[in-house]
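In the numbering used here, the protein residues as written are 930 to 1392. We put the CB at the ideal spot given by N, CA and C, even for glycine. Just so you know, these numbers come straight off a predicted model, no measurement behind them.
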């Protein structure tokens, strides 16, 4: 049953749940009304039965005419069954009424040992009766006034029928109202469903859902619009990355193919290339292969999914030691340059390999733009700020916003080797570690790159 209910459309489930809730509420209200009415009718009946009194003349008349048609005052008891009970157990009932079984409590009242009794009993013809027995006006007697229980059952049954009809109409109206409310309330969900189906069918991420109000549906619509915008932006970035990577790969591949074609043609035709030219061709092939390998490595680094800070394989790293190793690698690439290094202790949490690669890229950028015989200054302050300054041509102010974009290179640097991905990898790594990176013009010329990573001057205790 539950599985069948769950297979129904959401609109039908809401309508059924609304109808069920109203049905339960109406049934509870009807049951309470019926119970209160029955209790009130029973109370009124008992009050009426106990208020009926028989005087001395009436009792004597009934006793004298026992077994025959009563006359005179006995007609006052016509709506009820009246029995006169003596202490010795003699019973006299009104003519035309089925006698009622006398119980021990009735005899006790007749004997004067109990004041009054009220109980249910059954007549000889099987009729359920409500009996009120009280002391009679003649000593040694008791008078029982009885009324069929069905006297209040009839109005109660009629009331139950009215309540049942009312409850049924209420449930039908509730189901109708529930279906209308579900249709109106789920209209935004229908629009959302249609948008999702359209995107799944056409992959059109430009679809947006109109947002109305501030309720949960509006919040869901805003979240959906934000999700589709993020997906569209991610797809655009992927397409741009593919296009940029293809463009960057085309140049070294074309040059590499040209050089190899020259070598192959020399071998096929037997026309030897001069040794110096051949040496230059081979050096060019080697440089282009190195450039391709570096570009592919950078692309692999950028293709890794972004992770939340602290969710990757991070560990405590001595930033001053990692920076020192990066400086040593930069010395090998920047022969003739002078490195002025001052590193204070600073410990951070990051992915070791990714952080060291980012530091190497940062120093490579300074080495590449430094003039021959220039100076590269590397400083790690006690506050944890790492700065790398070169004395090169610097960066134009209008180019600073683009330095961390993928494949972006300034016009003056396009003739230099590189993929344009180094600073993008630096920014990505620093941001994943919860830090900040920036480039700014240096006083007196050159560029200053600064990296701030959260950490401490002392290593945390080992766990």
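Legend entry - residue 1276 and residue 1366 closer than 8 angstroms at C-beta: No.
Inset, instruction - Quickly, what does DSSP pair residue 1271 with across the bridge? List them, please. - result: Looking at the DSSP output, residue 1271 shares a beta bridge with 1308.
Legend entry - Enclosing beta strand (DSSP E) for residue 1379 [first to last residue]: Per DSSP, residue 1379 belongs to the beta strand (DSSP E) from 1376-1381.
Legend entry - Start and end residues, alpha helix (DSSP H) containing residue 1330: If you look at residue 1330, you'll find it isn't in any alpha helix (DSSP H); DSSP assigns it neither H nor E.
Inset, instruction - With a 10 Å radius around its C-beta and 16 neighbouring C-beta atoms as the bar for buried, classify residue 1327 as buried or exposed. - result: Answer is exposed; the Cβ neighbour count stays below 16.
Inset, instruction - My understanding is that residue 1382 touches residue 1272, with C-beta atoms under 8 angstroms, so please give their C-beta distance in whole angstroms. - result: Separation of the CB atoms of residue 1382 and residue 1272 is rounded to 14 angstroms, and the pair is thereby denied contact status at 8 angstroms.
Legend entry - Residue interval of the alpha helix (DSSP H) (run including residue 1143): Secondary structure note for residue 1143: it is in no alpha helix (DSSP H), with a DSSP letter that is neither H nor E.
Inset, instruction - To the nearest angstrom, report how far apart residue 1385 and residue 1251 are at their CA atoms. - result: For residue 1385 and residue 1251, the distance between alpha carbons rounds to 15 angstroms.
Inset, instruction - Can you check DSSP and say which residues form a bridge with residue 1046? - result: DSSP lists 1062 as partners of residue 1046.
Legend entry - Simplified DSSP state of residue 975, which is helix, strand or coil: Residue 975 falls in the helix class under three-state DSSP.
Inset, instruction - With distances taken Cα to Cα, identify the nearest neighbour of residue 1351 among 1310, 1296 and 1112. - result: Check the Cα spacing between residue 1351 and each of 1310, 1296 and 1112: the tightest is with 1296.
Inset, instruction - Counting only the same chain and skipping the five closest in sequence on each side, list residues whose C-beta sits under 6 angstroms from that of residue 1356. - result: Excluding sequence positions up to five before and after residue 1356, its CB lies within less than 6 angstroms of the CB of 1333 and 1366, all in the same chain and listed in chain order.
Legend entry - Cβ-Cβ distance between residue 1071 and residue 1038 below 8 angstroms: Result yes, Cβ atoms of residue 1071 and residue 1038 sit closer than 8 angstroms.
Inset, instruction - Locate the beta strand (DSSP E) running through residue 1119, then write down its first and last residues. - result: Residue 1119 -> not in any beta strand (DSSP E); alpha helix (DSSP H) instead, spanning 1116-1131.
Inset, instruction - Determine the burial state of residue 1309: buried for a count of at least 16 other Cβ atoms within 10 Å of its Cβ, exposed for fewer. - result: Residue 1309 is buried by the Cβ-count criterion.
Inset, instruction - Pull up the distance between the alpha-carbon of residue 1130 and that of residue 1113, whole angstroms please. - result: Answer to the nearest angstrom: the Cα atoms are 26 angstroms apart.
Legend entry - Through-space distance from residue 1266 to residue 1292, alpha-carbon basis: So the two alpha carbons sit approximately 12 angstroms from each other.
Legend entry - the region 1368-1382 touching the region 1317-1325, judged by at least three CB pairs closer than 8 angstroms: With the rule of 3 Cβ pairs closer than 8 angstroms, the region 1368-1382 counts as touching the region 1317-1325.
Inset, instruction - State buried or exposed for residue 1243, treating a residue as buried only when at least 16 other CB atoms are found within 10 Å of its CB. - result: Label assigned to residue 1243: buried.
Inset, instruction - Determine the extent of the beta strand (DSSP E) in which residue 1200 is found, giving its start and end residues. - result: Judged by DSSP secondary structure, residue 1200 falls outside any beta strand (DSSP E); it is assigned neither H nor E.
Inset, instruction - Please list, in chain order, all residues of the same chain as residue 1052 whose beta carbon is under 6 angstroms from its beta carbon, the five residues on each side excluded. - result: Hits under 6 angstroms: 1027, 1029 and 1058.
Inset, instruction - Using a threshold of 8 angstroms, state whether the C-beta atoms of residue 1210 and residue 1182 are closer than that. - result: Taking 8 angstroms as the cut-off, the Cβ atoms of residue 1210 and residue 1182 do not count as close.
Legend entry - Cβ shell of residue 1263 (< 6 angstroms), same chain only, five flanking positions each side left out: In the same chain as residue 1263, and ignoring 5 residues on each side of it, the C-beta atoms closer than 6 angstroms to its own belong to 1296, in chain order.
Legend entry - Beta-carbon proximity check, residue 1284 vs residue 1246, cutoff 8 angstroms: A contact, by the Cβ cut-off of 8 angstroms.
Inset, instruction - Whole angstroms is fine: what's the gap from residue 979's alpha carbon to residue 1062's? - result: So the two alpha carbons sit approximately 8 angstroms from each other.
Inset, instruction - Starting from the Cα of residue 912, find the closest Cα among 1198, 1221 and 1095 and give me that residue. - result: The chain is shown from 930 up to 1392; residue 912 falls before or after that span and cannot be answered.
Legend entry - Rounded straight-line distance, which links the Cα of residue 1193 to that of residue 1258: Computed Cα separation, rounded: 36 angstroms.
Inset, instruction - Could you spell out the range, first to last residue, of the alpha helix (DSSP H) harbouring residue 1056? - result: In the DSSP assignment, residue 1056 falls outside any alpha helix (DSSP H) and carries neither an H nor an E.
Legend entry - Alpha-carbon to alpha-carbon, residue 1077 and residue 1013: Computed Cα separation, rounded: 18 angstroms.
Legend entry - DSSP bridge partner residues for residue 1204 (one or two, in chain order): In DSSP, residue 1204 forms no bridge with anything.
Inset, instruction - Please report how far the alpha carbon of residue 1001 lies from the alpha carbon of residue 1010, in whole angstroms. - result: Its pLDDT being 41, under 50, residue 1001 is placed unreliably by the model, and nothing is read from it.
Inset, instruction - Identify the continuous alpha helix (DSSP H) that holds residue 1356 and give its terminal residues. - result: Its alpha helix (DSSP H) spans residues 1351-1361.
Legend entry - Proximal residues to residue 944 (C-beta, below 7 angstroms), its chain only, five neighbours per side dropped: Excluding sequence neighbours, residue 944 sits near 1104, 1107, 1108 and 1111.
Inset, instruction - Determine, using beta carbons only, whether residue 1287 and residue 1359 come nearer to each other than 8 angstroms. - result: Yes, the pair counts as a contact, with Cβ atoms nearer than the cut-off.
Legend entry - Within 8 angstroms, strictly: CB atoms of residue 1162 and residue 1117: Using a Cβ distance threshold of 8 angstroms, residue 1162 and residue 1117 do not count as a contacting pair.
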